[in-house]
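Asker: For reference, the structure I am asking about is given below.
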Amino acid sequence: MTSSNTLLEPIADIGIACEFAGDIHRANDLWYTLKESQDVGSATTIDRFDLKSFTAHMLNMDNNGQLHQKLLPADAEPANIDPYHRSLILKFVDLLDGDGYSVEKMSAARMRPGHRSRFYEPNSLLYHFNLHDPNVSLDVACSSS
75 MTSSNTLLEP IADIGIACEF AGDIHRANDL WYTLKESQDV GSATTIDRFD LKSFTAHMLN
135 MDNNGQLHQK LLPADAEPAN IDPYHRSLIL KFVDLLDGDG YSVEKMSAAR MRPGHRSRFY
195 EPNSLLYHFN LHDPNVSLDV ACSSS
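Position in the sequence shown (from 1) plus 74 gives the number in the numbering used here.
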């Protein structure tokens, strides 16, 4: 059996951010809602998001049922940001502000975002905020049971 020397670097979790239904915008709101067993469910209204902007591509199919592919420049940004991604960016900025950091300070430091699911989300935060270190994405749903 061989052993390898691994340089262990210190890490710090600078905060936690969340967004849920029922005006839950922070971890403390979540814990209070759970403690009080509040029901925060509600029906999704038609004006909540622009459904057509997310399904219009389905109308652009050829005879074989395949989507027409349009080549975009590598640096092209989508006209409409996915609401999930927009929420992640806003919560990341909110997290930084709440902990006394700024986007500029994050770009200058050796910091990396982590996120609990969807492996591409931390990479998009790295790109959007000009962060250059590796990142980690952990799906911790199983640890809650």
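For glycine and all other residues, C-beta sits at the position ideal for the given N, C-alpha and C. Note that the coordinates shown come from a computational prediction; the quantities given were computed from them, not determined experimentally.
By alpha-carbon positions, which one of 97, 198, 202 and 119 ends up nearest to residue 178?
Answerer: Counted from its first residue, the sequence shown places residue 178 at position 104. Cα-wise, what sits closest to residue 178 is 202.
Asker: Taking only the alpha-carbon atoms, compute the straight-line gap between residue 114 and residue 168 and give it to the nearest angstrom.
Answerer: For this step, residue 114 is matched to residue 40 along the sequence shown. For this step, residue 168 is matched to residue 94 along the sequence shown. Near 22 angstroms, if we compare the C-alpha coordinates of residue 168 and residue 114.
Asker: Closest to residue 198 by C-alpha separation, out of 164, 104, 174 and 176, would be which residue?
Answerer: For this step, residue 198 is matched to residue 124 along the sequence shown. Comparing Cα-Cα distances from residue 198 to each of 164, 104, 174 and 176, the minimum goes to 164.
Asker: Assign residue 98 to one of three DSSP states: helix, strand, or coil.
Answerer: As a working note, residue 98 is residue 24 in the sequence shown. Here residue 98 sits in strand by DSSP.
Asker: Would you tell me roughly how many angstroms separate the C-alpha atoms of residue 176 and residue 105, rounded to the nearest one?
Answerer: What you label residue 176 is simply residue 102 of the sequence shown in a count that begins at 1. What you label residue 105 is simply residue 31 of the sequence shown in a count that begins at 1. Approximately 27 angstroms between the Cα atoms of the pair.
Asker: Can you give the Cα-Cα distance for residue 161 and residue 81, rounded to whole angstroms?
Answerer: Stepping through the sequence shown from its first residue, residue 161 is reached at position 87. Stepping through the sequence shown from its first residue, residue 81 is reached at position 7. Between residue 161 and residue 81, the alpha-carbon positions lie close to 35 angstroms from each other.
Asker: When the distance is taken between beta carbons, is residue 174 closer than 9 angstroms to residue 91?
Answerer: Residue 91 sits at position 17 when you count from the first residue of the sequence shown. Residue 174 sits at position 100 when you count from the first residue of the sequence shown. No, they are not a contact pair.
Asker: In three-state terms, what does DSSP make of residue 80?
Answerer: Position 6 of the sequence shown, counted from the start, is the residue given in the question as residue 80. Residue 80 falls in the coil class under three-state DSSP.
Asker: Out of curiosity, what's the CA-to-CA distance linking residue 110 and residue 103?
Answerer: Start at 1 with the first residue of the sequence shown, and residue 110 comes out as number 36. Start at 1 with the first residue of the sequence shown, and residue 103 comes out as number 29. The straight-line gap from Cα to Cα measures roughly 11 angstroms.
Asker: Could you check which residue in 170, 204 and 95 has the C-alpha nearest to that of residue 122?
Answerer: On the sequence shown, residue 122 is found 48 positions in, with the first residue counted as 1. Measuring from the Cα of residue 122, the nearest candidate turns out to be 95.
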